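A.B. asks: One structure follows; several queries about it will come next.
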Amino acid sequence: MKTKIIVKGMHCKSCEMLVTEALMENGATKASASFKQGVVEIEHDEKTLSVSKAKEIIRKEGYDA
Amino acid sequence: MKEKIFVPDMSCESCSRLIGKRFKGIHGIGDFTFDDESVVLDYDPARVKKDMLIDTIKEAGFRASFLPFEGKTFSERWRDFNENRKKYAIEWAVLKNTVLLFIMLYVIEAIAYFAFFFSIPDFMARYGWWIFYFNVSISTLAAAAWHYFAYKGKVTCMTGMMVGMTIGMQAGMMLGAVFGATNGFFVGSMVGMLIGVGVGALAGQGCGVMGWMQGMMAGLMGGTMGPMISVMMFSDHLLVFMPFYIIINVLILWGFSYMVYEEIVEGKEVVRKPLDFTGLASLTTLIGAVLLIIMVYGPKSILLG
């Protein structure tokens, strides 16, 4: 399934990469982030990576989700 | 073994974290500490090749080198400019707009010529080349000014002064010379001075009174110097001189746009709000029409005499 998560605090390309990499490492099948829109989009299986888990991962990277 | 690597493009903590993350994935890299523009790391040369350190950083999307970066060379910039059309969208538009404005002006002028001036003897001989130089000047000037005003960013005083002075001086120099040649010293100086001062003040005001003042001063200087050149050289190969003069002026304006990009835009937060082409075209046509009427009907005109 696809989920859009609103993320505050990303302000450059590196931020995007950090967030998407962290999500991919934790079971997302696809992840893309945009610091301009402040949005992270993931494709994921709710069993392997729940939305709340994804948000937790983003927060662990240091951003508000 | 310790090694220092220069990474000039890191803009925030995320960048260093991203690179740090890559380093952690490589066995043989020990401690590392980041500075604003570099990283010092400890590695085991038996397990990690030196070049791999650079490649790792480059793969994360940054420039990296064991030697400090000393600005970009011209060829590096040109390559970047050519490859990243999107990043330089406004800069590419400057070139496109220059050509479009030039063609547009010529089309309008051709219509006006065949409608009103075709039967006047010597009209082409007298104004032909000067209308060409006028078109080159005004389309390049308009595109350069458009480029500068497309960005709403912070300008340091130094940059503001440079901006006001360059564009004020160039506007005065180029148009002043054209009008000096067609309409004599008085009209040439008036047109060059007023346009130069106006453009210079408008562009320089981004950094307050100082930029405003410098812009006006440079406009005054260029605007009176331009006609001086063409009037004094009129009987001494002026038409041979002009191509060189105009080419140098155009090159300066391109350098100006390059400077605007480097000083105001690159690596900084700016708002891009370019005027659309219709706006630019109508403004240029309006100013161009007024100036051309002054050129052909000015006090030294063959049409009135």
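So the protein lines, in turn, are chains A and B. FYI, numbering that gives the first Met the number 0 numbers position 47 of the first sequence as 46, with every residue one higher than the one before it. FYI, numbering that gives the first Met the number 0 numbers position 43 of the second sequence as 42, with every residue one higher than the one before it. We treat Cβ as the ideally placed atom computed from N, Cα and C, and that holds for glycine. Treat the numbers as computed from the prediction; the structure is a model and nothing was measured.
1) Give me the chain A residues within the contact set of Gly60 (chain B), using Cβ-Cβ distance strictly less than 7 Å, ordered along the chain.
2) Give me the Cα-Cα distance between Ile5 (chain A) and Ala53 (chain A), rounded to the nearest whole angstrom.
3) Taking all protein chains shown into account, do 16 or more other C-beta atoms lie within 10 angstroms of the C-beta of Ser138 (chain B), making it buried, or fewer, making it exposed?
4) How would you list, in chain order, the residues of chain B whose beta-carbon sits under 7 Å from the beta-carbon of Met16 (chain A)?
5) Distance cutoff 9 Å, beta carbons only. Does Ser64 (chain B) sit that close to anything in chain A?
6) Sorted by chain position, which residues of the same chain lie with C-beta nearer than 6 Å to Ile228 (chain B)'s C-beta, five sequence neighbours on each side aside?
7) Would you call the region 7-15 of chain B and the region 41-59 of chain A touching, i.e. three or more CB-CB distances under 8 Å?
8) May I ask which residues mark the beginning and end of the alpha helix (DSSP H) holding Leu66 (chain B)?
9) Between B:Trp91, B:Phe68 and B:Leu285, which has its C-alpha nearest Trp77 (chain B)'s C-alpha?
10) Tell me whether Gly210 (chain B) sits in a helix, a strand or coil according to DSSP, three-state version.
11) With a cut-off of 8 Å on the beta carbons, I'd call Asp41 (chain B) and Phe31 (chain B) a contact; round off their distance for me.
12) By Cβ distance below 6 Å, which residues in the same chain neighbour Phe133 (chain B) in space, the five residues on each side in sequence not counted?
13) Leaving aside the five residues before and after Thr165 (chain B) along the sequence, list all residues of the same chain whose C-beta is less than 6 Å from its C-beta, in chain order.
14) Would you identify the three-state DSSP class for Phe115 (chain B), choosing helix, strand or coil?
15) Can you tell me whether Gly214 (chain B) is buried or exposed? The criterion is at least 16 other CB atoms within 10 Å of its CB, across all chains shown.
16) Kindly give me the distance between the Cβ atoms of Leu219 (chain B) and Val196 (chain B), rounded to whole angstroms, as I take these residues to be in contact under 8 Å.
17) Taking Leu174 (chain B) and Val190 (chain B) to be in contact with their CB atoms under 8 Å, please state how far apart those CB atoms are, rounded to whole angstroms.
18) Assign Leu17 (chain B) to buried or exposed, taking buried as 16 or more other Cβ atoms, counted over all protein chains shown, within 10 Å of its Cβ.
19) For Leu221 (chain B) versus Met294 (chain B), is the C-beta distance shorter than 9 Å?
20) Using a Cβ-Cβ distance cut-off of 9 Å, determine whether Glu20 (chain A) contacts chain B.
21) Ignore the nearest five residues each way along the sequence and tell me which others in Glu45 (chain A)'s own chain have a CB closer than 7 Å to its CB.
22) Where does the unbroken beta strand (DSSP E) through Ile5 (chain A) begin, and where does it stop?
23) Should Tyr62 (chain A) be labelled buried (16 or more other beta-carbon atoms within 10 Å of its own) or exposed?
24) Could you tell me the boundaries of the alpha helix (DSSP H) in which Thr277 (chain B) lies?
25) When the Cα of Met209 (chain B) is compared with those of B:Pro242, B:Thr223, B:Val162 and B:Asn182, which residue comes out closest?
26) Could you tell me whether the Cβ of Met0 (chain A) comes closer than 9 Å to any Cβ of chain B?
27) Does any C-beta atom of chain A lie closer than 9 Å to the C-beta of Met9 (chain B)?
28) I'd like to know if Lys151 (chain B) contacts chain A, where contact means its C-beta is closer than 9 Å to some C-beta of that chain.
29) Going by alpha carbons, who is nearest to Phe73 (chain B) out of B:Leu274, B:Met258 and B:Glu268?
30) Would you mind sorting Ala88 (chain B) into buried or exposed? The rule is 16 or more other CB atoms within 10 Å of its CB.
31) Closest to Met9 (chain A) by C-alpha separation, out of A:Phe34, A:Asn25 and A:Leu17, would be which residue?
32) Within the same chain, show all residues whose beta-carbon is closer than 7 Å to that of Tyr260 (chain B), passing over the 5 residues directly before and after it, in chain order.
33) From Phe61 (chain B) to Val38 (chain B), what does the alpha carbon distance come to, in whole angstroms?
34) Leaving out the 5 sequence neighbours to the left and right, which residues in its chain are closer than 7 Å to Arg84 (chain B) when beta-carbon positions are compared?
35) In angstroms with no decimal places, state the Cα-to-Cα distance between Ala280 (chain B) and Leu100 (chain B).
36) How would you list, in chain order, the residues of chain A whose beta-carbon sits under 7 Å from the beta-carbon of Ser37 (chain B)?
C.D. replies: Reading from the atomic positions:
1) Lys12
2) 11 Å
3) buried
4) Leu17
5) no
6) Ala176
7) no
8) Note, Leu66 (chain B): premise wrong, no alpha helix (DSSP H); not H, not E.
9) B:Trp91
10) helix
11) 7 Å
12) Val177
13) Phe255
14) helix
15) buried
16) 6 Å
17) 6 Å
18) buried
19) It should be noted that the sequence gives Gly, not Leu, for residue 221 (chain B). Contact flag unset, no.
20) yes
21) Met0
22) Lys1 to Ile5
23) buried
24) Phe276 to Tyr296
25) B:Val162
26) no
27) yes
28) no
29) B:Met258
30) exposed
31) A:Phe34
32) Glu90
33) 12 Å
34) Trp91
35) 7 Å
36) Residues of chain A passing the Cβ test: none, with the nearest at roughly 16 Å.
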